[in-house]
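Participant: In the numbering used here, the protein residues as written are 715 to 832. So that we are looking at the same thing, I have put the structure below in structure tokens.
Rendered as structure tokens:
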């Protein structure tokens, strides 16, 4: 859960820098780091949840689920190009938005796993 939360916050910072007129001032690998962190989060969560992922989502408190849904929708809007920063930062916004969607989804499943004791 901590890795997913940290990755979502990092993606939010990356997306925030795409709105700055000078553009992102990060090295390319630091911009795409949350995208690489998706694999361990997804693999670990799916290994533990297996076919009970929807049941785990049922154990997430509604306020967290609603907040996660809002963040995931915002990430989806960035990943599909509906929202974008300065011209030339579209790929950065797309990758960061997709990483947000995946980390929020599997982070919520991980919260449900922790609450069910699996």
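Glycine included, each C-beta is placed from N, C-alpha and C at the ideal position. Everything numeric in this text was worked out from a predicted model, so none of it was measured.
If you compare alpha carbons, which of 720, 794 and 767 is closest to residue 751?
Facilitator: For the purposes of this step, residue 751 is taken as residue 37 along the chain shown, with counting starting at 1. Comparing Cα positions, the closest option is 720.
Participant: At which residue ranges does the region 724 to 791 contain complete beta strand (DSSP E) runs of 3 or more residues, listed in the order of the chain?
Facilitator: If we require 3 residues or more, the region 724 to 791 turns out to have no beta strand (DSSP E) run fully inside it.
Participant: How should residue 801 be labelled, buried or exposed, when 16 other C-beta atoms within 10 angstroms of its C-beta is the threshold for buried?
Facilitator: Walking along the chain shown from the start, residue 801 turns up at place 87. Per the 10 Å Cβ criterion, exposed.
Participant: In whole angstroms, what separates the C-alpha of residue 779 from that of residue 716?
Facilitator: Against the chain shown, residue 779 aligns to sequence position 65. Against the chain shown, residue 716 aligns to sequence position 2. Going from the Cα of residue 779 to the Cα of residue 716 covers about 16 Å.
Participant: Assuming residue 810 and residue 783 form a contact by the criterion Cβ under 8 Å, report the distance between their Cβ atoms to the nearest whole angstrom.
Facilitator: As a first step, residue 810 is located in the chain shown; it is residue number 96 there, counting from the start. As a first step, residue 783 is located in the chain shown; it is residue number 69 there, counting from the start. Not a contact, Cβ separation roughly 18 Å.
Participant: Would you report the Cα separation of residue 729 and residue 806, rounded to the nearest angstrom?
Facilitator: The residue given as residue 729 occupies position 15 in the chain shown. The residue given as residue 806 occupies position 92 in the chain shown. When rounded, the distance between both Cα atoms is 7 Å.
Participant: Straight-line CA distance for residue 765 to residue 736?
Facilitator: Here the question's residue 765 lines up with position 51 in the chain shown. Here the question's residue 736 lines up with position 22 in the chain shown. In a straight line, the C-alpha of residue 765 is about 46 Å away from that of residue 736.
Participant: Spatial neighbours of residue 785 within its chain, please: C-beta separation below 8 Å, excluding the five flanking residues on both sides.
Facilitator: Start at 1 with the first residue of the chain shown, and residue 785 comes out as number 71. The answer, listed in chain order, is 722, 814 and 818.
Participant: Compare the beta carbon distance of residue 748 and residue 770 with 8 Å and say whether it is the shorter of the two.
Facilitator: Looking up residue 748 in the chain shown gives position 34. Looking up residue 770 in the chain shown gives position 56. Not in contact: residue 748 and residue 770 (Cβ atoms no closer than 8 Å).
Participant: I need the straight-line Cα distance from residue 759 to residue 734, nearest angstrom please.
Facilitator: Counting from 1 along the chain shown, the entry for residue 759 is found at position 45. Counting from 1 along the chain shown, the entry for residue 734 is found at position 20. In a straight line, the C-alpha of residue 759 is about 35 Å away from that of residue 734.
Participant: Taking the straight line between their C-alpha atoms, what separation do you get for residue 754 and residue 830?
Facilitator: For the purposes of this step, residue 754 is taken as residue 40 along the chain shown, with counting starting at 1. For the purposes of this step, residue 830 is taken as residue 116 along the chain shown, with counting starting at 1. Approximately 21 Å between the Cα atoms of the pair.
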